[in-house]
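As structure tokens, the structure follows; a few thoughts come after it.
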Amino acid sequence: MRIIGFIFFFVFVIQSVYSQEDSSRLSHEMKASNVKLAYNSSIVYPGVRMGLEIPLKSIVLSRTKRKGKQEVFLKDRFITGNVSWYHHPTFHDNVYATLGYSMRRTGDRGWFTEFSPELGYSRTFLGGTTYQVDEKGSVSVRRMAGYNYALVSLGCGLGYDLSVVQSRPFSVYYKFNVLLLFPYNSTYYIRPAMELGIIYKTAKFLRVNANQKHISKNKFKA
Amino acid sequence: MKQLLFSIFLLLMVSSCQKEKIKLGKNVSETFYVENKGASMRVLVEGNTSSKTVLLFIHGGPGSSSYFYNSDYISDNIEDKYAVAYWDHRNAGASQGAGNADYFNLPTMTEDLEKVIQVLKFRYGSDISIFLLAHSFGGMLSTSFVTKGNNQNLIKGWIICSASHNYPLNDDYTRHALSFYANQQIALGNNSSQWQEILDFVIGLPAGVLDLETANQLNSYAAEAESYFSEVSPFPMVDVIKANAIRQNYAITSTFLNLKFSQSANIQDELRNYDFSNALAGVSLPVMTLYGKYDFICPPALGNDVISRINSTDTFSVILPNSGHIGMYQDQAIFCQRVNEFILQFK
Chain A
324 MRIIGFIFFF VFVIQSVYSQ EDSSRLSHEM KASNVKLAYN SSIVYPGVRM
374 GLEIPLKSIV LSRTKRKGKQ EVFLKDRFIT GNVSWYHHPT FHDNVYATLG
424 YSMRRTGDRG WFTEFSPELG YSRTFLGGTT YQVDEKGSVS VRRMAGYNYA
474 LVSLGCGLGY DLSVVQSRPF SVYYKFNVLL LFPYNSTYYI RPAMELGIIY
524 KTAKFLRVNA NQKHISKNKF KA
Chain B
190 MKQLLFSIFL LLMVSSCQKE KIKLGKNVSE TFYVENKGAS MRVLVEGNTS
240 SKTVLLFIHG GPGSSSYFYN SDYISDNIED KYAVAYWDHR NAGASQGAGN
290 ADYFNLPTMT EDLEKVIQVL KFRYGSDISI FLLAHSFGGM LSTSFVTKGN
340 NQNLIKGWII CSASHNYPLN DDYTRHALSF YANQQIALGN NSSQWQEILD
390 FVIGLPAGVL DLETANQLNS YAAEAESYFS EVSPFPMVDV IKANAIRQNY
440 AITSTFLNLK FSQSANIQDE LRNYDFSNAL AGVSLPVMTL YGKYDFICPP
490 ALGNDVISRI NSTDTFSVIL PNSGHIGMYQ DQAIFCQRVN EFILQFK
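Chains as they are written, first to last, in my numbering: chain A, 324 to 545; chain B, 190 to 536.
Right, dumping it as structure tokens:
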């Protein structure tokens with residue numbers, strides 16, 4: 324118990340020290356949305372994912388490290404909308420739409436990591452002709468057979484933003500998602516899905532008024 | 190963007206609306222689904238459909254999958270002669286559905302099997318010969334099917350491999366088999382401590398029908414016991430998955446999560462109330478039983494009970510000498526040979 328208390332205290336102290344803001348400035352800026360396109364593979368099964376990232380807020384965090392070196396991070400928050408599809412032969416095709424919240428942290432060299440929880444709707448199409456048999460024993464084919472599911476997705480990824488160093492409005496990224504569909508056979512279905520794609524930073528498409536906060540920190544005060 | 194979306198939508202529409210042309214062939218591989226009461230059940234038909242003979246696997250569980258029976262050996266030695274249908278029951282393998290737990294019971298599964306057979310006849314012709322091959326829990330399901338109404342007229346023969354038709358009786362036979370071999374192996378000094386533990390458990394069992402938890406514990410000991418015989422090679426589950434998961438497009442997480450759900454579903458309790466022994470008197474089909482000599486999960490005595498109770502003149506009993514519970518792998522040569530001979534005789 325004492326050890327847990329000490330850990331909490333230690334974390335609290337460290338966090339307080341590191342979260343000190345030497346200066347901060349809040350502004351509003353009209354920012355355009357990003358469009359993304361990805362290969363949406365589930366290990367070996369192909370698919371496609373298209374999405375939109377609507378900027379919500381950005382935090383530009385600059386901090387001075389030891390020896391006066393300055394480090395700048397950009398923390399972006401997006402509302403995302405995605406439409407995805409994968410094809411698992413003989414099992415199903417799955418078309419799903421999700422709405423999510425994406426948290427991205429980009430370093431001053433352009434590398435970024437992101438995490439995004441999403442909620443959505445999935446419609447599967449069975450991977451073979453589907454038959455139904457009525458009470459008289461007549462067999463018929465059921466068109467577009469499949470199921471509707473609720474979907475939760477958690478994803479984390481990494482990428483490289485070409486606009487940071489090369490001023491090109493693109494990012495390339497890889498993202499690993501875990502999809503959870505329910506109610507699937509009265510339980511749930513889990514599926515890994517990997518995205519390999521590009522994000523295009525448009526200049527004018529779907530511009531929104533996003534919060535922008537600049538924070539400067541001096542990590543090691545004299 | 191719109192065009193791309195539209196193209197994908199169109200592709201899906203076209204592919205799902207195409208009418209499948211069914212051609213008989215000597216080396217087919219076709220997947221279709223049969224829908225009934227909240228479940229869409231996967232059926233994979235492989236092999237020689239031109240033979241007009243289909244061997245329909247009824248897998249174990251409940252909640253396992255037919256994926257694991259589709260071995261290279263069966264492909265090379267049965268599918269070259271006949272078609273083999275690998276059916277995933279509801280809530281099993283790649284079978285799909287939404288909230289369908291209310292239908293996860295033996296009567297509905299029996300109805301499912303009737304419908305799978307009707308669809309097989311619809312696809313490959315009403316004149317096809319169908320043989321059931323039941324394994325483990327599949328014995329319960331197939332017995333429920335053949336003893337219901339005139340269902341046995343839909344098939345040409347019934348093959349029972351390491352399967353059960355009566356769980357309380359099954360538990361009795363498992364107790365006796367474990368007790369017999371435990372005493373024998375302890376006397377021989379083979380794995381004495383392990384056998385002693387099994388013997389102590391069996392001796393301590395209460396009389397009468399076991400509750401589910403105790404029956405599951407007995408089942409675990411039964412599964413363990415076969416591994417103490419050097420003649421029995423273990424079922425290479427991991428190797429089978431590695432070799433076939435991608436090649437056969439396994440729905441791995443679906444199979445695992447369906448199994449997990451099934452193991453704790455109400456059906457497990459319900460099944461303990463079924464006793465089909467007396468109903469077997471109405472069966473007049475050709476029947477072959479294949480049981481592993483060292484199968485403690487479904488001991489060979491269960492096969493004897495079936496053969497002694499049915500009213501068929503065409504009965505065959507085969508003991509697989511190097512098998513435990515998975516005879517189709519552990520004695521695959523004898524298994525395929527005897528299955529082929531049986532089908533050839535009665536198709």
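Note that beta-carbon positions come from the ideal geometry of N, C-alpha and C, so glycine has one too.
For clarity, every value in this text was computed on a predicted model and none was experimentally measured.
Check, Outcome
"Mind reading off the beta-carbon distance from Y417(B) to N379(B)? Whole number of angstroms is fine, and I expect it under 8 angstroms.", "7 angstroms"
"Does the Cβ of T502(B) have 16 or more other Cβ atoms within 10 Å, making it buried, or fewer, making it exposed?", "exposed"
"Would you check if the distance between the CB atom of E224(B) and the CB atom of Y454(A) is smaller than 8 angstroms?", "yes"
"Against chain B, does P506(A) count as a neighbour if the rule is that its beta carbon must be under 8 angstroms from one of theirs?", "yes"
"Exposed or buried, A522(B), counting other C-beta atoms within 10 Å across all chains shown (16 or more means buried)?", "exposed"
"Applying the criterion that 16 or more other CB atoms from any shown protein chain within 10 Å of the CB defines a buried residue, is V501(A) buried or exposed?", "exposed"
"Which of the three DSSP states is assigned to V334(A) in this structure?", "Note that V334(A) has pLDDT 43, beneath the 50 cutoff, so the model's placement of it is unreliable and the number below is only indicative. Here V334(A) sits in helix by DSSP."
"Hey, quick one: how far does the beta strand (DSSP E) through C525(B) stretch, first residue to last?", "Unbroken run through C525(B) is the alpha helix (DSSP H), 521–535; no beta strand (DSSP E)."
"Counting only beta-carbon separations shorter than 8 angstroms, does S407(A) have a partner in chain B?", "no"
"Please identify the residue among D316(B), Q534(B), L460(B) whose C-alpha is closest to the C-alpha of T138(B).", "The requested residue 138(B) does not occur in the structure, where chain B is confined to residues 190 to 536."
"So which residues of chain B does I522(A) contact, with C-beta pairs closer than 9 angstroms?", "Per Cβ cutoff of 9 angstroms: no residues; I522(A) is ~14 angstroms from chain B at best."
"Indicate the three-state DSSP secondary structure (helix, strand or coil) for T336(B) in the structure shown.", "coil"
"What does H304(B) reach in chain A if we use C-beta pairs closer than 7 angstroms?", "Residue identity differs from the one stated: residue 304(B) is Lys in this sequence, not His. Per Cβ cutoff of 7 angstroms: V456."
"Between L449(A) and chain B, is there a C-beta pair that is closer than 8 angstroms?", "yes"
"Could you tell me whether any Cβ in chain B is nearer than 8 angstroms to the Cβ of V487(A)?", "no"
"Taking Cβ-Cβ distances below 9 angstroms as the criterion, which residues of the stretch 393–422 of chain A are in contact with chain B?", "V406, W408, H411, P412, T413, F414, H415, D416, V418"
"Cβ of V501(A) less than 8 angstroms from any chain B Cβ?", "no"
"Along the stretch 381–403 of chain B, where does the CB come closer than 9 angstroms to a CB of chain A? Name the residues.", "none"
"Assess contact between the stretch 321–336 of chain B and the stretch 362–377 of chain B, defined as three or more Cβ pairs (one per stretch) separated by less than 8 angstroms. Is contact present?", "no"
"Using C-beta distances below 6 angstroms, list every residue in its chain close to S407(A), excluding the 5 sequence neighbours before and after it, in chain order.", "N363, R372, Y419"
"If you drop the 5 nearest sequence neighbours on each side, which residues of the same chain put their C-beta closer than 6 angstroms to that of I344(B)?", "I319, L321"
"So is R389(A) buried or exposed if we call it buried at 16+ other beta carbons inside 10 Å?", "exposed"
"What separation, rounded to the nearest whole angstrom, lies between the Cα atoms of S254(B) and F435(A)?", "42 angstroms"
"Measuring only between beta-carbons, confirm whether S443(B) sits less than 8 angstroms from chain A.", "yes"
"I need the DSSP call for G478(A), collapsed to helix, strand or coil.", "strand"
"With contact counted as at least three CB pairs below 8 angstroms, one residue from each stretch, are the stretch 451–468 of chain A and the stretch 273–282 of chain B in contact?", "no"
"Is the stretch 283–300 of chain B touching the stretch 517–527 of chain A, taking contact as three or more C-beta pairs under 8 angstroms?", "no"
"Can you list, in chain order, the residues of its chain with a C-beta nearer than 7 angstroms to that of Q437(B)? Leave out the 5 residues immediately preceding and following it.", "Y256, N259"
"Which chain A residues are close to V217(B), counting only those with a beta carbon under 9 angstroms from its beta carbon?", "Those within 9 angstroms of V217(B) in chain A number zero; the least Cβ separation is about 13 angstroms."
"Would you please verify whether the beta carbon of G482(A) is less than 8 angstroms from any beta carbon of chain B?", "no"
"Using a beta-carbon distance cut-off of less than 7 angstroms, what residues from the stretch 345–365 of chain A approach chain B?", "none"
"Is DSSP giving G328(B) helix, strand or coil here?", "helix"
"Kindly list the residues whose CB is nearer than 7 angstroms to the CB of S347(A), restricted to its own chain and excluding five residues on each side of it in sequence; keep chain order.", "K536, H537, I538"
"Measuring alpha carbon to alpha carbon, tell me which residue in N534(A), I513(A), L449(A), Y472(A) is nearest T220(B).", "L449(A)"
"Which first and last residues belong to the alpha helix (DSSP H) in which D494(B) is found?", "490–498"
"Bridge partners for H351(A) per DSSP, in chain order?", "N534(A)"
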